[in-house]
Structures are given as C-alpha cells and as structure tokens.
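Line order of the protein sequences matches chains A and B.
Quick note on numbering: the first sequence equals residues 1 to 387 in my numbering.
Quick note on numbering: the second sequence equals residues 388 to 774 in my numbering.
The beta carbon of each residue, even a glycine, is placed where N, CA and C say it ideally should be.
Number of protein chains: 2
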Amino acid sequence: EEVAAPAPATADPFSGDPPRHPGLRVNSQKPFNAEPPPELLAERFLTPNELFFTRNHLPVPAVDPESYQLRVEGPGGRELCLSLEELRTRFPKHEVTATLQCAGNRRAEMSRVRPVKGLEWDIGAISTARWGGARLRDVLLHAGFSEEREGEWHVCFEGLDTDVGGAPYGASIPYGKAVSAAGDVLLAYEMNGAELPRDHGFPLRAVVPGVVGARNVKWLRRVAVSPAESPSHWQRNDYKGFAPCVDWDTVDYSAAPAIQELPVQSAITHPRPGAVVPPGELTVKGYAWSGGGHGVVRVDVSLDGGRTWQVARLAGERQALGRAWAWTLWELQAPVAAAAAGGEELEIVCKAVDSSYNVQPDTVAPIWNLRGVLSNAWHRVRVSVRP
Amino acid sequence: EEVAAPAPATADPFSGDPPRHPGLRVNSQKPFNAEPPPELLAERFLTPNELFFTRNHLPVPAVDPESYQLRVEGPGGRELCLSLEELRTRFPKHEVTATLQCAGNRRAEMSRVRPVKGLEWDIGAISTARWGGARLRDVLLHAGFSEEREGEWHVCFEGLDTDVGGAPYGASIPYGKAVSAAGDVLLAYEMNGAELPRDHGFPLRAVVPGVVGARNVKWLRRVAVSPAESPSHWQRNDYKGFAPCVDWDTVDYSAAPAIQELPVQSAITHPRPGAVVPPGELTVKGYAWSGGGHGVVRVDVSLDGGRTWQVARLAGERQALGRAWAWTLWELQAPVAAAAAGGEELEIVCKAVDSSYNVQPDTVAPIWNLRGVLSNAWHRVRVSVRP
Ligand SMILES: [Mo]
Ligand SMILES: [Mo]
C-alpha cells in the first residue's frame, strides 16, 4: 500500500516539492528547511501555516488523499488500515494548540562557540499551531491495545518520505505518552483550521505535544507498538545530547537517550541584533516555551548583559497544568539606562523559568555538543542606542 | 479527634521532641532542622533513617498510634476516618524509593550572593529512602473520588503539628498527581523497612515523589479535595520562586506558583571545600536528582572551574521512565592537571542533565531570590593540591 508516487531514479527527487512562501529564511533548499523571519516569528500566537518553520529530512511525498491508508499494527500482529475518511469519522476530532520546536533551534549560536554538524537555525525553528485530528490514544485502543502495558514500550512512526534506498523517515515515542489522555498526542489532519499543508505532512502527521519536532513524524504511513525504539537513524544515531568533551571520534550514540521532552527555552524576537534603538523607552519582545507540558511561569529580561533583571509581562491564555503545550509570548517596556544612551552598546538578555522552576543555562559553551542540539542558553541581543 | 497530646501553654513546646543522632549538622534546634554530614550524605543510596535530613516547621507531635485516625473528606462532604490498622490492611502496601529535597537545599550558597531569609542549608537538605504505605490514589478512590475531575483540583494535607495558635502545618498537591497510578503518591507508614521515625512523621506522612519536601506533609491528620490550594501559609506565602529583583517590599506571593516539581540538581560530596588533595588521581563523588520523575541522564564534572568537562560514571539501578524518583550517585576518577599540581587551587564543578535535557544554571546570582529557594546552580568546590 505504498501511496506515494515514486519519482523516476534519474529525476531530481525534490522536483515534486511544493511551492513555498518567499518570506521564509531558507537554511537548506533540498531537503527544504526554513524558518520564519524573526520579526514575524512571535507577532502572532498562532503561526500562519505558510510561515510555520519547515524541517524536512527528505523530499516531500506526493500523496493521493483518496487512496491514502494509515497502517496500524495491532496486538498479536493484526493489521488495521485506516483511510482518511475513517480517521475523520470513526474517531472524535480532538484539537490541541501546541508549539513544535526543532532540536536544532538556535544552533547558529552554538556553532559560534565551535563548529557543529547541522543546519544553521537561528531562533525560528519553533512555531505554534492549532492542530486537529484523531487522538493516537483512541486509535491505539481501537486497534486493541490497552492503557496499561507491563514494561517499556514504544510507539513507532514511519513516514512516506524515503531516502534513495527506500528507507522511510522514522521515530518513536514512549507508549505511556502515546496512550495517556493527558498526553494529547494526535494523528493530525488539520493545522490552524485548514488541511495539513504538504510541507507539514499532508495528509496526516503525528503531533506529539511537548516533544521535540523530530518525533512529530509527517506523511505518516505506519504506526506500530514495539518493545524497542524506532530503528531509524534519527531515533538511534541522531537527536541526542552529549557533553562538550564528546567529539566525532568518541561519540557513542547508545550512551545517551533519544531527545523527547525539550528543556526550557526563550528568545528575543525584537529588537534584532545590531539594531539602533531610540533613547528612552525600549520595548523588548520574545517567546518562551518548555517541553513536557511545563508552562512558562516567568521570563526575566536584562538590559545590562545579565547583571540586573526585570520581569516581563506574559501574554496569552493560561494553559492547563502539565498540559501547557503552547509557547508564551512576552514583552517588556523599560527605560534605557542613561549610561547606555550615548551611542553605547546594550546587551539585552532573556531567560525563562518553567513550572518545574527549571531555568536556562547562562552560557552556550558548557552545553555545546557536536550535533548542535538543545541550544537553550540565555538569548543575548546586542543593540546600540541612537545618540 | 485531635490525637496529639497538647502541651501546657507555659511549657517549652519543643520539650517533647525526640532524641536525635549526634552526627547531624543542626541548622535550627527549635524547630529541629538538620542535615547529614556531607561526607556521609551520598555514601549510601538509601539514607539511614537517623541521618535523613529533618525539616520541621513546628514541634514534633506526640501521637498515640492506637487512637490515631486519618480524616479523609470524601465527595459531598462525607467523611471517612481510617485507623493505622485500616490503612495497613484495607489497601495494598505500595513501596517507592524516592528522594526528598527541601526547597532550601544549598541556600548557604545563595546567601553568599546576598542575604536571604531562611535556614542555612548546605548541600544536605536531600536524602533518599524506601517508603512503604497505602497509595493516596487507592484511598481517594475508596473515599468515592474518581480518576477524572473536570477543572483544577487540589489534594490538601494537614499535619498534627500546630503553631501556638493551633493552626496546623499544611500544603497541597495537584489532584492529577495525587490520583494517577504513575504518580506513586503514598500515605507512608514505613521508611526503609522500619516504622516512620517521629521526626519523619510518625505514624503517617505524605510521600509525593518528585515534589518539593514541603508538600510531603508529616504527621498527617487530614486529607481533603478542594478547588483551591491549601490555605496554609506555606502553600500560599512561602515556597515560591521569584526574580532576583523582587525584594520584601515588592514581593507578591500571588504572582508565582507554589513550588511542586523541583528543577535538576547536583552537588559534590567529596572532596570537601578547602580539602588538600594528593597529586595524581583525584576521585570526585556526588549526587544528582531532578523533580517530576525525570531521571538523571548525565553528570559533567570540571576540574578547571568549568572550562573543560568530563563525564562522570553514574551508579545505581536504572529507574522507570518518568518515574525516576530517586537520586543518582556518581563518581569520577581523573588525573589532576600538572598545572594545578603545584599547591595551586583547583575548582571542581559539577552539573547534571535530566531526561528532559534540562541543565543547571552556571551561576547563583541570576537565580537568587529573597527566600533562598531553588538554589541549583553548578556546584563548585575549591581544593588545593598537596605539593
Ligand atoms: Mo528537528
Ligand atoms: Mo522544605
């Protein structure tokens, strides 16, 4: 039941990719990886679909929604195939507002410490949408699985996007996250009220709130429950964190857990680095988010490189305890200190606190890692004040 | 059904306190607050009962186990009273190995930045035990509550320890934590296989794994489900985190959430600050822990103040995903750099990473808060190398 139209081997495998918004900041064309411009990133709580950051590992599959089928492997090897129509009608539609963040968000700052391997994401490999779809939980229970499962199990996802050898993109999440009602994991067919755009997984993707983008598998073709994590490269040999002393000669991927929940994060979206700001009142804006459903309880902003701090005003509705899947936008208005008002540089810094009172590390070097993931040190923006 | 023997108003209310181990480092005699000596702190995975850190807010109540009754307020105002015998026999005994940490652990380091209000805990306001008791979940379901509850609810605890005006110690936890099977919350009557010592809540205490010590109410007399948090001083006007800019004139306790899950933490237990270590191979030991059931996935150790890092060896059994309630002891053997081997000072630093890849902040000042809680910056120990 391969429903993607296979491209002839001689053609550019990316020739079938969809058109994109010209405003996106492109980090890689093939595969397509792009982030919204920082000025627009946090202007709205919900990121417009055409500006939502795109992280593709492979060419975008062309899927015929009429013949599309999701394969769900039930207990005892029984197999279930679900059409889009069945996914829409047999299961209640569930909606969740969730932020997705790439493990490599803010990698550019890490590579300034020492080169790393990966796309040079600035602060925009993060976006927020209202997702709609069937609960993965409901589909698993329908397939015959139960809430409790002895031991450690995983739900493995496979995409319709494949490499030149035919191997699909894949990833897995813990069974407990997948089956719990509070986990809010979706098999999503809607994004901000529209059908999923092709770049975001048309016709069906996993949305795993609070968990790194890489596990939110797009163009989903198969869901299976397994005693082992997904065997995919991206689950086993990528998207893991290491100490700064680990290099490509010493890295042992089996020694670190696959990234699932992400740590607390924040960034300044306004002003931009190098900006010249007027003297007097300064407005600083940004986003903050934490994985695992931990809400953001406070954002501290410094205008003097981290010596003194002020508390930002948090915007947006209050999110449910333990299910705060969406980011928090924040803003601070503060007078620029007289000392800085003579054309001097101002170092603006932000740091967030989540509901477990976890905080961001002060500096990048001690969290540096060879793959440039988990870059969540204080965000620093230098501007100068117009004399 | 007040079962504590009230002391005459003229007597020293602390005269009934139990005898204590002379090896404890006492931070306050009345009420009694003490921590194990740092050398012994992480020598064993389970802290011996007599060395377990003690954090009392009030005199230790004298409770007659024969007449003791726990009052559980059921739905619709129905009241349930459970004797110790009933708690032991009507509900399956559940055992959990969990670390408890006081919100003020490592406060002494914070007060070196700027004075704070609170007991001067060193690194020992943390200990680990194997707890046994009835699941709070089972007792709540027995009382008539159900797993799902619309809206935000709290389980409020009251202790038999009371202030001079008769007001009990109290605290609350979210209903979801209390009722979930994976939350492992106990009404504990056993600690490391023995009955609870008087200092640790005899005959019954709440054990709320992954959650700050202050919610693990001792000498439990009452459990109630409420749409509001516990009205107690310690829930509403204490045990909350604030920005470094907030002082006693500006603090607004309603602006911050009550601490529940604690952030990732670690400390060096060996060598001790000021020690003179032999040249050659150095052994560094310590503990690491994170709240919310997040396991510790890595501990990095630096022998040069945080410039370079090595990965410590983690000891102890693997804990279940999302239910890693106990600390992780760790150890590193490493040669002392030649540069430091001439009687020079060595700054040893540790920092832990938890399963959400949250990390500790580099420095104390940016997380300083007026109450001196949540002190989890990198732990730094200066030693000198014997020439
Ligand atoms: Mo990613
Ligand atoms: Mo505490």
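Where residue i sits in the DSSP three-state scheme
i                      : result
residue 161 of chain A : strand
residue 294 of chain A : coil
residue 570 of chain B : helix
residue 642 of chain B : helix
residue 11 of chain A  : coil
residue 48 of chain A  : coil
residue 732 of chain B : strand
residue 535 of chain B : coil
residue 599 of chain B : coil
residue 753 of chain B : helix
residue 317 of chain A : coil
residue 473 of chain B : helix
residue 17 of chain A  : coil
Endpoints, alpha helix (DSSP H) assigned at residue i
i                      : result
residue 564 of chain B : 562 to 566
residue 112 of chain A : 107 to 113
residue 38 of chain A  : 38 to 41
residue 233 of chain A : 233 to 236
DSSP bridge partner residues for residue i (one or two, in chain order)
i                      : result
residue 541 of chain B : B/561, B/613
residue 420 of chain B : B/415, B/442
residue 442 of chain A : There is simply no residue 442 of chain A to check, as chain A begins at 1 and stops at 387 in what is shown.
residue 578 of chain B : B/518, B/581
residue 687 of chain B : B/698, B/738
residue 594 of chain B : B/573
residue 607 of chain B : B/546
residue 487 of chain B : B/514
residue 266 of chain A : A/288
residue 81 of chain A  : A/71
residue 359 of chain A : A/353
residue 529 of chain B : Beta-bridge pairing links residue 529 of chain B to no other residue.
residue 480 of chain B : B/521
residue 168 of chain A : A/162
residue 117 of chain A : In the DSSP output, where bridge partners are listed per residue, residue 117 of chain A has none listed.
residue 373 of chain A : Note: residue 373 of chain A sits in no beta bridge, so no partner.
residue 277 of chain A : A/385
Start and end residues, beta strand (DSSP E) containing residue i
i                      : result
residue 134 of chain A : 126 to 135
residue 768 of chain B : 766 to 772
Alpha-carbon spacing of residue i relative to residue j, whole angstroms
i                      : j                      : result
residue 147 of chain A : residue 180 of chain A : 7 Å
residue 2 of chain A   : residue 287 of chain A : Because the pLDDT of residue 2 of chain A is 43, which lies under 50, any placement of that residue in the model is unreliable, and the number read from its coordinates should be weighed accordingly. For residue 2 of chain A and residue 287 of chain A, the distance between alpha carbons rounds to 40 Å.
residue 627 of chain B : residue 648 of chain B : 12 Å
residue 477 of chain B : residue 134 of chain A : 40 Å
residue 19 of chain A  : residue 114 of chain A : 35 Å
residue 388 of chain A : residue 332 of chain A : Past the boundaries of the shown model lies residue 388 of chain A; chain A is included only from 1 to 387, so the question cannot be answered.
residue 360 of chain A : residue 605 of chain B : 33 Å
residue 681 of chain B : residue 276 of chain A : 43 Å
residue 169 of chain A : residue 159 of chain A : 5 Å
residue 607 of chain B : residue 763 of chain B : 29 Å
residue 96 of chain A  : residue 128 of chain A : 10 Å
residue 427 of chain B : residue 507 of chain B : 19 Å
residue 333 of chain B : residue 671 of chain B : Because chain B spans 388 through 774 in this model, residue 333 of chain B falls outside it and cannot be assessed.
residue 422 of chain B : residue 273 of chain A : 48 Å
residue 711 of chain B : residue 297 of chain A : 24 Å
residue 253 of chain A : residue 752 of chain B : 35 Å
residue 47 of chain A  : residue 370 of chain A : 30 Å
residue 441 of chain B : residue 610 of chain B : 23 Å
Ligand 4 heavy atom lying under 7 Å from the CB of residue i
i                      : result
residue 534 of chain B : Ligands present in the displayed structure are limited to ligand 1 and ligand 2, and ligand 4 is not among them.
Below 9 Å between beta carbons is the criterion; list the residues of the stretch 305 to 338 of chain A that meet it against any residue of chain B, in chain order.
Within the stretch 305 to 338 of chain A, the residues whose Cβ lies closer than 9 Å to some Cβ of chain B are 306, 307, 308, 309, 310, 311, 320, 321, 322, listed in chain order.
Members of the stretch 350 to 363 of chain A near chain B, C-beta cut-off 9 Å
For the stretch 350 to 363 of chain A, which is checked against every Cβ of chain B, the residues closer than 9 Å are 351, 353, 354, 355, 356, 357, 358, 359, 360, 361, 362, 363.
For the stretch 427 to 444 of chain B, enumerate the residues whose C-beta is nearer than 7 Å to any C-beta of chain A, in chain order.
If the cut-off is 7 Å between Cβ atoms, the stretch 427 to 444 of chain B has nothing near chain A.
Which residues, in order along the stretch 90 to 123 of chain A, keep a beta-carbon less than 7 Å from a beta-carbon of chain B?
If the cut-off is 7 Å between Cβ atoms, the stretch 90 to 123 of chain A has nothing near chain B.
Which residues, in order along the stretch 162 to 174 of chain A, keep a beta-carbon less than 8 Å from a beta-carbon of chain B?
If the cut-off is 8 Å between Cβ atoms, the stretch 162 to 174 of chain A has 174 near chain B.
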